[in-house]
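Structure record follows, encoded as structure tokens.
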Amino acid sequence: EPFKGEESETLFKDVLSEALFERGLLCRLDDRADPIIQIAPPLVAEASLFEEISDILREGLEVTAAKVNGHPHAPTQSSTRPI
């Protein structure tokens, strides 16, 4: 069941957006219809870049899930470069 209203905005725009940015993933979060994460990797990239992107997305979603479950201090990990 999707989050709605203020809860959705806080989790999606504040928690998830910040978690992804802190880890170096530059992306667009769009919640005009269903919440989505838009990424734009280069057209030519090695598999390792896609693995790094998926790892960062997983960490960001884990931080958001921890916040939903009442664990406000989820561990953070920063990337050395923006993706």
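Okay, so the sequence shown: first residue is 14 according to the numbering used here, each after it adds one. Ideal Cβ positions, reconstructed from N, Cα and C, are used throughout, including at glycine.
Spatial distance of residue i from residue j (CA atoms)
i, j, result
"I50", "L33", "10 Å"
"E75", "V28", "11 Å"
"L24", "S67", "19 Å"
"D47", "V81", "18 Å"
"L62", "A78", "24 Å"
"C40", "I52", "5 Å"
"E22", "E64", "28 Å"
Inter-residue CB distance, residue i and residue j (contact presumed, cutoff 8 Å)
i, j, result
"I69", "L42", "Between L42 and I69 the Cβ distance is about 14 Å, and since that is not below 8 Å, they are no contact."
Burial state of residue i (16 or more Cβ within 10 Å)
i, result
"E20", "exposed"
"G73", "buried"
"G45", "Reading off the sequence, residue 45 comes out as Arg, not Gly. Under this definition R45 is an exposed residue."
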